[in-house]
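A quick write-up on the structure given underneath.
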Amino acid sequence: MSSYVASWGIIGCGWISSMFVKDLCVEREDSTEISHSIVAVGSRDLKKAQIFVDEFCPKGSTAQARNPGLPKPAAFGSYEEVFNHKDVDIIYIGTLNSGHYSDAKAALLAGKNVLVEKPACLNAAEWRDLTGIAVEKKLFLMEDVPDSHRNFALETAGGVMYDLGPYTVLCALLALYHHPDNSRSKPDKVFGNMVKARTGVDLSTTISMEFPKLEATALLTASFAYNSPKDERCVIIGTQGEIVLNDGLSRITKMTIKRYDQEPTFRPTRWQENEVIEKPLPGFGLMFEADAVAKSIRNEELQNSRMPHDETAMVLEIFDQVRQQNGYTLPDGVEEISK
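The structure is reproduced here in structure tokens:
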């Protein structure tokens, strides 16, 4: 059976778009049922779009490599030209945070399926509007998780919560929200604390939330303030020990299992010898979500069960609460729909 070809239009020419495109070009023996074609790249600046194509995908992606007769990627000086391109099936939104809602909405209204970078929107109300359009028009819509911009500008919805915060929340969702005994019950008692920069965005954010069915608490911290080597980790603490995820969540290649020598009591326990599990992965890990999107569209699904609409809405609702608790407001006009 021939592989399903996902035909992509790329919006935005920043770092995360380049990482996404490079991963689309990775040939993998474990994925023969899906191939990817980069049809078009759009920027507000045609020259920038052409430079992006020349540097990151001059020959296209895996589908174009397998079928040299397919057209190579075209550069466009507007997003609208990509949205309206007849050969584009899926739009990848890799623009600034403040543009995600409007760019995704324009793509949906043009009849395209959409994968939008995190944060998908700036509040839950904007996301609900997008999901309503997608369902009405029978189009696929999903939020991507990894993103790029480490900026400090309120007008582009900068700050650490929107940038790194989704990664920390994802840890809690994977370990607790999706735990079989939790029955996908939303977290309770969400509290957040922000340390703000002079520009008004959050420099550091800590969020705590409880999962009553599990009698468990998640404590999440993200910060731009630490002048130290990059250290991304998730520690899952249980009754028998700890699991430490040592890599970025888009491509976990190393996991350390640390077991106690006994059930925890009032006397300190000791560690057994660590068990380290390593599994090298190609690229940046973004090809897996691209494959997931392509399979959902091939199967005529409007959302993906691994990242459904309601889960994105839940994360944005958590951020809405933390913003309200800390008086984090964006300039007028940045949010197109109020909460």
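57 is the number of the first residue of the sequence shown in my numbering; add one for each residue after it.
Yeah, the Cβ is synthetic: ideal placement off N, Cα and C, and Gly gets one too.
- Excluding five sequence positions before and after residue 104, the CB atoms of its chain that fall closer than 7 angstroms to its own CB belong to 69, given in chain order.
- In the DSSP assignment, residue 290 is bridged to 301.
- It is roughly 46 angstroms from the alpha-carbon of residue 236 to the alpha-carbon of residue 127.
- In the DSSP assignment, residue 169 falls within the beta strand (DSSP E) that extends over 169-172.
- CA-CA distance, residue 291 to residue 331, rounds to 15 angstroms.
- Scanning its chain for C-beta atoms nearer than 6 angstroms, with the 5 sequence neighbours on each side dropped, one finds around residue 243 the residues 265 and 267, in chain order.
- Around the beta carbon of residue 328, fewer than 16 other beta carbons sit within 10 angstroms, so the residue counts as exposed.
- Spanning the alpha carbons of residue 336 and residue 377 requires a straight line of approximately 38 angstroms.
- Taking every protein chain shown into account, the CB of residue 91 has 16 or more other CB atoms within 10 angstroms, so this residue is buried.
- Judged by beta-carbon spacing, residue 66 lies within the 8 angstroms limit of residue 148, meaning their Cβ atoms are closer than that value.
- The Cβ-Cβ distance between residue 346 and residue 79 falls below 8 angstroms.
- Around the C-beta of residue 379, 16 or more other C-beta atoms lie within 10 Å, and the residue is accordingly described as buried.
- The beta carbon of residue 185 lies closer than 6 angstroms to those of 393 in the same chain, with the five residues before and after it left out.
- Nearest to residue 372 by alpha-carbon distance, out of 59, 344 and 246, is 246.
- The beta strand (DSSP E) runs of length 3 or more contained entirely in the stretch 129-182 are, from start to end of the chain, 130-132, 146-149 and 169-172.
- About 15 angstroms separates the CB atoms of residue 160 and residue 140; that is not less than 8 angstroms, and the two are not in contact.
- In the three-state reduction of the DSSP assignment, residue 93 falls in the strand class, which pools E and B.
- Closest in C-alpha terms to residue 315, from the list 197, 301, 307 and 294, comes 294.
- With a 10 Å radius around the Cβ and a threshold of 16 neighbouring Cβ atoms, residue 310 comes out exposed.
- Pairing residue 338 with residue 388, the inter-Cα distance amounts to about 42 angstroms.
- Nearest Cα to residue 359 within the set 200, 375 and 230: 200.
- Secondary-structure assignment with DSSP links residue 262 through a beta bridge to 249 and 277.
- Runs of the alpha helix (DSSP H) spanning 4 or more residues and lying entirely within the stretch 294-374 occur at 342-354, in chain order.
- Sequence-distant partners of residue 334 (beyond 5 residues in either direction) whose C-beta falls short of 7 angstroms from its own C-beta, in its chain, are 309 and 310.
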